[in-house]
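Protein sequence lines, in the order shown, are assigned to chains Z, U, D and S.
Numbering-wise, this note's numbering puts 47 at position 13 of the first sequence, and it's gapless, one number per residue.
Numbering-wise, this note's numbering puts 355 at position 321 of the second sequence, and it's gapless, one number per residue.
Numbering-wise, this note's numbering puts 338 at position 304 of the third sequence, and it's gapless, one number per residue.
Numbering-wise, this note's numbering puts 36 at position 2 of the fourth sequence, and it's gapless, one number per residue.
Number of protein chains: 4
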Amino acid sequence: MASNSFGEIFRITTFGESHGQMIGVIIDGCPAGIFIDESEIKNQLARRRTAQSIFTSGRKEDDSFEIVSGYFENKTTGAPITFIIKNMDVKSDDYINLENTFRPSHADFTYSAKYGNRDYRGGGRSSARETTLWVIAGTLANQILLQNNIRIKAYVSAIGNIATQKNYQQFDFNTIDSNEVRCPDDNCATQMIEYLNDLKQNGDTTGGVITCVVQNMIAGLGDPIFEKLQSKLAAAMFCINTVHGFEYGSGFAGASMNGSKHNDLFNNVNMETKSAETTTNNSGGIQGGISNGMDIFFNVAFKPIASIKQEQVTANVNNELSSLVISGRHDACVVPRAVPIVEAMTALTLLNAFLKNNAYNNLNLK
Amino acid sequence: MASNSFGEIFRITTFGESHGQMIGVIIDGCPAGIFIDESEIKNQLARRRTAQSIFTSGRKEDDSFEIVSGYFENKTTGAPITFIIKNMDVKSDDYINLENTFRPSHADFTYSAKYGNRDYRGGGRSSARETTLWVIAGTLANQILLQNNIRIKAYVSAIGNIATQKNYQQFDFNTIDSNEVRCPDDNCATQMIEYLNDLKQNGDTTGGVITCVVQNMIAGLGDPIFEKLQSKLAAAMFCINTVHGFEYGSGFAGASMNGSKHNDLFNNVNMETKSAETTTNNSGGIQGGISNGMDIFFNVAFKPIASIKQEQVTANVNNELSSLVISGRHDACVVPRAVPIVEAMTALTLLNAFLKNNAYNNLNLK
Amino acid sequence: MASNSFGEIFRITTFGESHGQMIGVIIDGCPAGIFIDESEIKNQLARRRTAQSIFTSGRKEDDSFEIVSGYFENKTTGAPITFIIKNMDVKSDDYINLENTFRPSHADFTYSAKYGNRDYRGGGRSSARETTLWVIAGTLANQILLQNNIRIKAYVSAIGNIATQKNYQQFDFNTIDSNEVRCPDDNCATQMIEYLNDLKQNGDTTGGVITCVVQNMIAGLGDPIFEKLQSKLAAAMFCINTVHGFEYGSGFAGASMNGSKHNDLFNNVNMETKSAETTTNNSGGIQGGISNGMDIFFNVAFKPIASIKQEQVTANVNNELSSLVISGRHDACVVPRAVPIVEAMTALTLLNAFLKNNAYNNLNLK
Amino acid sequence: MASNSFGEIFRITTFGESHGQMIGVIIDGCPAGIFIDESEIKNQLARRRTAQSIFTSGRKEDDSFEIVSGYFENKTTGAPITFIIKNMDVKSDDYINLENTFRPSHADFTYSAKYGNRDYRGGGRSSARETTLWVIAGTLANQILLQNNIRIKAYVSAIGNIATQKNYQQFDFNTIDSNEVRCPDDNCATQMIEYLNDLKQNGDTTGGVITCVVQNMIAGLGDPIFEKLQSKLAAAMFCINTVHGFEYGSGFAGASMNGSKHNDLFNNVNMETKSAETTTNNSGGIQGGISNGMDIFFNVAFKPIASIKQEQVTANVNNELSSLVISGRHDACVVPRAVPIVEAMTALTLLNAFLKNNAYNNLNLK
């Protein structure tokens with residue numbers, strides 16, 4: 035079933051395999067008349083790219099994009115905007131031995147079971163290369179949100195067992211990119227880097243947690259019952275391949291709190307500006323599925339990536355067990371690179387909520 | 035924007051307020067020719083109902099449903115099936131003072147900010163009474179899944195700080211309902227009950243965690259990229275009012291594991307039966323967004339419910355602070371009652387994935 | 035597959051069978067804060083109702099509706115608004131002999147073939163009684179459009195072979211309801227009435243054409259390629275059971291015209307007010323799938339209703355041929371009653387287009 | 035609002051402007067394991083292409099497509115299949131003077147009014163070049179339908195005032211392509227060709243009618259109420275730029291018939307094979323929105339294309355009137371080229387209905 039589109043009003047559709055000819059994204063429903071900030075897209079792609087540090091894979095992805103539709107004389111036209119990226123530095127030979135073999139904890143088996151065949155080169159359609167396209171579209175969405183004052187920022191809050199004990203209010207978001215792991219807690223960052231160095235030498239990998247914060251929100255985004263804002267955000271985050279957990283506001287910790295402590299007392303409400311101020315923010319900026327104007331914040335847990343350099347036993351289509359060593363170029367930890375991906379999926383989600391809410395603004399009614 | 039429907043193939047649409055005339059659910063896309071097991075629906079509603087134990091609210095909800103369409107001579111007809119429940123035991127007077135006052139951590143402020151007005155009686159549309167309808171529809175969905183062999187079971191794994199240390203394989207699911215808190219770990223259950231007794235005396239509330247397991251799965255459910263099975267499950271769980279966290283497979287703990295330990299090695303794969311067996315199951319039965327035939331399991335974190343009996347300071351529409359004591363009838367902990375709700379939303383999600391997958395079965399192709 | 039919902043932003047979902055306990059419609063996505071003009075809904079229902087004239091069936095439908103959700107203190111709340119109508123004057127006995135017999139040109143066979151069973155009483159789900167619900171929802175949609183200045187008017191332009199030769203500009207729309215057939219051309223109306231009297235005596239039926247006009251349009255409604263406004267209008271009209279044709283602007287006649295005559299020359303364009311004036315309007319107010327501000331107009335062709343009082347040969351589930359005389363109460367011509375149905379479906383379509391377009395208004399962009 | 039996707043299960047998304055870098059289509063939800071018959075796609079594209087005869091425009095469109103995703107080792111993989119066509123023979127200079135001028139009966143004004151700007155080169159996004167992509171995707175859909183026995187055939191039944199008096203049963207569909215106008219009635223074809231020759235000399239254009247027939251149908255495709263098969267087909271046809279009318283079965287003529295003559299009497303029904311045979315087929319193979327197994331047939335009316343070579347008066351963005359002569363390369367009549375487009379949109383519609391219906395096949399139920 036068709037499943038490669040995200041969003042209802044501002045909708046993206048993606049295509050392409052890791053080692054195919056090209057990958058691309060169609061952005062449908064973008065407001066007309068916008069200048070696309072290509073340099074900001076390049077910035078965000080650079081943040082996502084492999085080979086940016088010692089912990090990430092050696093593949094030099096060429097993320098040079100072309101805009102091939104929907105953009106005319108430096109303005110969006112309301113028509114679908116298409117970005118394509120031609121695949122260059124592909125080494126499919128690394129994957130030939132994977133034609134009939136299922137890498138552990140990859141999508142190899144499930145794709146084969148569902149479809150009968152698969153493009154096994156470089157992970158094919160299930161490769162994280164796909165997320166390049168999300169970052170492109172998300173950066174454009176973010177540009178629109180920013181002009182409407184909404185600001186999204188994500189950072190790494192844990193890698194392996196090393197987790198910052200500070201909360202987001204204690205950080206200067208401008209420092210996020212000041213270290214290789216995108217953790218604004220300097221002490222933690224140092225430990226994380228050391229840990230990843232060790233892991234890399236062992237050919238092993240680990241996971242981590244990204245915290246994302248949305249500031250300058252207005253109240254009213256999200257819709258009750260089955261289109262709650264947290265439901266949409268969770269759905270978006272679990273589109274990211276390695277995500278295994280999502281929590282917002284008090285999250286899992288909230289499950290062990292008492293209501294008397296968990297409740298967010300109102301300090302101030304303003305029905306004109308549609309804003310509220312609460313003494314605490316365990317609600318994470320969302321109540322009843324609708325934003326209340328306080329910061330939205332959430333954590334996203336990433337499992338370790340499955341491509342380790344250690345020998346593993348695995349099975350093939352004929353159910354024969356054999357030893358597998360994955361060559362190719364892979365990261366020790368995907369989490370620092372996933373920061374712009376989390377921001378992108380957040381932007382796509384919020385822009386849809388924003389436009390849906392706007393559909394009801396300024397009507398003549400009585 | 036329309037937001038009261040869930041599912042694409044087997045789609046439910048709900049309506050009604052807690053203290054309105056009635057609530058109801060339309061089930062659209064149900065296969066024809068099915069006998070609806072009304073007694074099983076009653077069982078599940080009884081599990082969800084308040085007033086079943088000392089920890090839950092005093093309201094005696096009358097969940098007597100009527101089937102008013104789509105069911106003829108004891109068979110579904112393919113037409114939309116509508117269940118209605120008339121609201122009986124409503125005491126709206128308890129809520130009169132809430133017309134202009136926003137209860138902390140409720141949806142009162144956000145509904146008012148978004149819509150300008152709201153039905154303040156009993157929480158109106160944001161009341162958990164809505165979930166009665168989900169349980170009805172989910173039980174019907176579950177009936178279809180069961181006949182296709184898929185089995186869904188949920189239980190309480192934590193309340194407040196008391197959490198079972200056992201995993202689901204260690205439990206006999208038949209014992210889940212043997213205690214008031216629906217925790218199959220007897221020791222834990224005893225402590226939870228004690229804890230809730232204390233809380234209730236203090237007029238306080240707490241949260242908890244529900245674990246849900248899907249057994250006898252086949253490989254192939256879920257679709258890549260933006261319709262991943264975990265994304266659909268997460269979206270479903272975050273429709274539940276008080277849910278603040280979701281994790282599947284290794285979840286948040288997986289974020290601190292190494293790949294070499296986290297990877298699930300294949301023992302056995304069978305391309306004919308579309309099943310796989312792995313030595314571990316950190317993937318939680320889903321790889322690349324598609325079920326692999328192993329058990330699916332996930333945890334859902336619930337915040338404490340916001341209606342406490344202690345005095346709180348809050349604000350009203352005019353931004354005046356005042357003291358609020360919530361009367362009405364409320365639970366000390368919603369989690370035991372939420373077990374059938376989690377099962378219902380899981381069933382609705384999986385049945386949609388099942389039917390979508392089935393659309394591609396038995397085609398003539400070459 | 036779920037198929038009982040219409041619209042994306044302002045979405046209705048309907049349920050109920052002709053002779054079931056009740057029928058109902060959920061209106062999801064209605065703006066909050068609106069007073070529902072129930073008396074106007076009653077007016078429109080009266081226009082649709084049978085038994086209003088000698089040409090229509092003897093069934094006295096009780097269209098008394100109740101609003102059971104989403105409406106509080108005389109204002110919509112943003113929650114789904116549900117109208118129900120209890121079925122009263124049902125004579126299911128008339129239909130007992132239809133359990134296994136397929137009435138010619140009805141939905142009996144196709145429902146049975148698709149679903150295996152069906153509610154055969156009074157046409158069950160395929161009965162035109164369903165359209166009561168559309169009129170209710172459409173009248174509410176129309177109320178919103180009217181406050182934003184858009185006016186929808188439909189009338190009967192042909193019954194059987196009797197067709198008005200005048201176009202809509204020559205009519206005073208206030209006279210549409212001045213005769214039983216809702217044809218504003220008095221001469222035609224007289225002939226139509228005579229013709230229908232004859233038909234009724236013969237137990238026969240006939241079809242006709244309804245013309246619908248939308249005035250005070252603005253430019254910009256509708257979306258290119260696959261959501262063209264004419265596509266949405268056509269889809270809406272073909273939801274009406276007996277509709278067999280739809281044409282807009284020049285329609286089928288346009289197919290034999292030359293471009294030099296068909297082209298609509300611009301007299302005036304105003305980019306500020308988003309309006310255009312053309313010397314002719316063969317485009318029917320829509321160009322490239324988007325409204326241009328000129329009147330939208332279209333014709334909808336209705337086949338004769340299938341329930342005639344004459345003896346017919348037909349088949350049953352066992353493929354035995356037998357003679358059938360349909361008793362029950364049926365119209366000689368459904369077209370006059372279909373006028374408010376066409377208006378309702380037009381309103382639902384345009385309101386969705388209006389809200390979608392509005393989602394892009396008043397954004398901060400650059 | 036996003037509007038460039040068609041279909042729910044087998045969904046296409048298109049992009050690209052007439053004179054942009056490339057156009058493309060993503061086909062999402064295609065069954066895996068299919069060999070794409072590229073030579074058949076080329077055949078169908080050739081049928082759609084301009085410059086195939088003296089009546090069509092001089093533009094030599096290079097429709098050479100590349101498949102850039104979703105196709106691996108000559109099999110579809112279940113991943114989105116992307117076809118791109120690079121635009122070669124573009125002469126944008128012809129359009130420079132159209133930057134601020136609105137061609138009569140084109141989409142120029144409405145695009146400008148809706149979006150504020152537009153790609154004016156070659157009609158930009160509103161160009162019929164888009165339909166190349168539909169033909170590609172529709173041919174693939176058709177391939178799947180054919181393997182499941184369903185056959186779609188369209189032909190030209192009228193051009194200008196010249197219309198065949200024969201119905202489709204009288205034609206040998208193999209002769210459709212035997213003349214330039216794709217009319218299987220030889221006499222008519224000769225007259226049509228003569229007429230188009232005259233028109234071309236006058237720089238004028240005309241419209242026409244295409245008849246489409248679907249044979250070897252099974253009963254059960256389509257869904258009641260708002261997803262009726264005729265509603266879906268109509269919606270599909272009105273996506274074609276110049277379509278102004280659609281009728282199925284008896285169509286507009288049915289509106290003047292009596293029920294006693296219009297009713298299709300059953301000869302034979304077979305509940306096992308889900309097929310029916312009726313003496314007449316005024317229902318056009320669809321009853322109650324669901325196919326009954328008889329042939330589906332419908333007519334689609336096309337207005338004359340708006341680009342005539344005669345001088346016309348028109349307006350620009352500043353509301354100044356001026357004389358316009360459209361240069362460029364344009365057809366005298368689009369209808370012969372539209373035959374494969376109608377077939378393609380029919381195939382896309384039916385394949386979706388087929389897959390939706392199949393979702394309910396072979397379930398275990400009781």
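The beta carbon of each residue, even a glycine, is placed where N, CA and C say it ideally should be.
Values in this document were obtained by computation on a predicted structure and should not be read as measured data.
- For a Cβ distance threshold of 7 Å, residue set Ser294 of chain Z lies close to U:Gln344, ordered along the chain.
- Collapsing the DSSP output to three states places S:Glu74 in a helix.
- Ranked by how close their Cα comes to the Cα of Z:Ala289, the residues U:Ser284, U:Phe260, U:Thr239, U:Met328 have U:Thr239 in first place.
- Contact check between the stretch 201-217 of chain U and the stretch 307-320 of chain U: fewer than three CB pairs, one atom from each, fall below 8 Å, which does not count as touching.
- By the CB criterion at 7 Å, S:Thr111 and S:Ser191 fall outside the cutoff.
- Take D:Lys337, set aside five residues on each side of it, and the residues of its chain with a beta-carbon closer than 7 Å to its own are Gly241, Thr276, His278, in chain order.
- Taken atom to atom, the span from the alpha-carbon of Z:Ala387 to that of Z:Leu263 is near 8 Å.
- Between Z:Ile259 and U:Ser37, the CB-CB gap stays under 7 Å.
- Taking 8 Å as the upper bound for CB-CB distance, D:Ala381 and D:Leu233 are not in contact here, some 31 Å apart.
- Interface annotation, D:Val334: not in contact with chain S, CB-CB separation never under 7 Å.
- Between the stretch 100-107 of chain Z and the stretch 48-57 of chain S there are three or more inter-stretch CB-CB distances shorter than 8 Å, so the stretches are counted as touching.
- Within the stretch 99-121 of chain S, Glu100, Ile101, Val102, Ser103, Gly104, Tyr105, Phe106, Glu107, Lys109, Thr110, Thr111, Gly112, Ala113, Pro114, Ile115, Thr116, Ile118 place their CB atoms closer than 9 Å to a CB of chain Z, listed in sequence order.
- With the criterion set as a beta carbon lying under 8 Å from some beta carbon of chain U, the members of the stretch 42-63 of chain D are Glu42, Ile43, Phe44, Arg45, Thr47, Thr48, Phe49, Gly50, Glu51, Gly54, Gln55, Met56, Ile57, Gly58, Ile60, Asp62, Gly63, in sequence order.
- Per DSSP, the continuous alpha helix (DSSP H) segment holding Z:Cys222 begins and ends at 220-235.
- Within the same chain, Glu74, Ile75, Gln78, Ala378 come within 7 Å of U:Thr173 by CB-CB distance, once the 5 residues on both sides are set aside.
- For the set U:Ala340, U:Asn315, U:Ser341, U:Ile342, the Cα lying nearest the Cα of U:Asp329 is the one of U:Asn315.
- Residues of the stretch 370-393 of chain Z with a Cβ closer than 9 Å to any Cβ of chain D, in chain order: Phe388, Leu389, Lys390, Asn391, Asn392, Ala393.
- Considered as a whole, the stretch 286-356 of chain S harbours 293-296 as its complete alpha helix (DSSP H) runs of no fewer than 4 residues, in chain order.
- Residue-level contact check: Z:Pro338 touches chain U, since one or more beta carbons of chain U fall below 7 Å from its beta carbon.
- In this structure, S:Asn250 sits away from S:Asn301, with a CB-CB distance that is not shorter than 7 Å.
- Taking D:Gly283 as the centre and dropping the five residues before and after it, the same chain places the C-beta of Asn316, Ser317, Gly318 closer than 6 Å to its C-beta, in chain order.
- Nearest C-alpha to Z:Ala340 among U:Gly327, U:Gln321, U:Ser98, U:Asp206: U:Gln321.
- Interface residue (Cβ-Cβ distance to chain D less than 7 Å): Z:Asn396 is classified as such.
- Taking a C-beta distance under 7 Å as the contact criterion, S:Leu385 and S:Ala113 do not qualify as a contact pair.
- Taking C-beta separations shorter than 7 Å and ignoring five residues to either side along the sequence, the partners of S:Leu389 in its chain run Ile43, Phe44, following chain order.
- Contact of Z:Gln249 with chain D by beta-carbon distance below 9 Å is absent, the smallest such distance being about 17 Å.
- Checking the DSSP bridge columns, you'll see U:Glu261 partnered with U:Asp257.
- The beta-carbon distance between U:Ala162 and Z:Ala268, rounded to whole angstroms, is 19 Å. This is too long to meet the 8 Å contact definition.
- At least one beta carbon of chain U lies nearer than 7 Å to the beta carbon of Z:Lys308.
- When S:Glu354, S:Asn352, S:Pro65, S:Val59 are compared, the shortest CA-CA separation from U:Ala393 is found for S:Pro65.
- Between Z:Ala197 and Z:Val59, the gap from beta carbon to beta carbon reaches 7 Å or more.
- Shown in chain order are the members of the stretch 65-83 of chain U whose Cβ falls below 7 Å from a Cβ of chain D: Ala66, Gly67.
- Taking the C-beta atoms as reference points, D:Val243 is found nearer than 7 Å to D:Ala335.
- In the DSSP assignment, Z:Val359 forms no beta bridge with any residue.
- If you compare the alpha carbons of D:Arg83, D:Pro370, D:Ile375 with that of D:Leu230, the shortest gap goes to D:Pro370.
- DSSP lists Z:Asn333, U:Gly279 as the bridge partner or partners of Z:Glu281.
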